[in-house]
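What follows is a set of notes on a single structure, which appears directly below.
Residue numbers (our numbering): 9 to 166.
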């Protein structure tokens, strides 16, 4: 996702937008801004992982809506994920998880929680950030969304 922040800054420069303007752009009036997509997704990643590790939920962090702060937040979240030990999430799919509004109220089995909420929730925010940039004219596509794919099978990605 940090590549999208670089794309946004470059798009601002090339289009003569004021610094940080894209951070306030929305796909629709009732949706989060481009900058908020990053902040919220980091908070959710940490909250979902805490649930999966059966830890207390962390307090959501608010960061200034400026590029350096958002990049720093992404790096912090990446560091958090890199420090999760396999033993800390072993068996997470076999637990049950309580969900509360605004999304849904009820209990989910671990496998359903991971496949039907955790992963789609994360990719939703990534795809919305991507869509905002596309709407503003960024020359990005599916390859940017998928990132740097490595191939174990020797297949061709063209």
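Ideal placement from N, C-alpha and C gives every residue a C-beta, glycine not left out.
- Taking C-beta atoms as the reference points, residue 136 and residue 19 fail to come closer than 8 Å.
- Around residue 68, the same chain offers 51 and 55 as residues with beta carbons nearer than 8 Å, after the five sequence neighbours per side are excluded.
- In the structure shown, the three-state DSSP call for residue 85 is helix.
- Taking the Cβ atoms as the reference, residue 78 lies roughly 6 Å from residue 43, within the contact range of under 8 Å.
- Contact between residue 127 and residue 100 is absent: CB atoms are separated by about 13 Å, not below the 8 Å threshold.
- Collapsing the DSSP output to three states places residue 40 in coil.
- Shown here, residue 20 sits in a helix according to DSSP, grouped into three states.
- Just so you know, the alpha carbons of residue 84 and residue 92 end up roughly 13 Å apart.
- Residues 133, 136 and 137 of the same chain have their beta carbon placed closer than 6 Å to that of residue 45, with the five preceding and five following residues left out of the count.
- By the neighbour-count definition (other C-beta atoms within 10 Å, threshold 16), residue 9 is a buried residue.
- DSSP places residue 107 inside the beta strand (DSSP E), whose first and last residues are 104-107.
- Taken through DSSP and simplified to helix, strand or coil, residue 26 comes out as coil.
- Of the residues assessed, residue 39 falls on the exposed side of the cut-off, its CB having fewer than 16 other CB atoms within 10 angstroms.
- Boundaries of the beta strand (DSSP E) around residue 117: 114-117.
- Residue 148 places its beta carbon 8 Å or farther from that of residue 157.
- As DSSP reads the structure, residue 34 sits in a beta bridge with 41.
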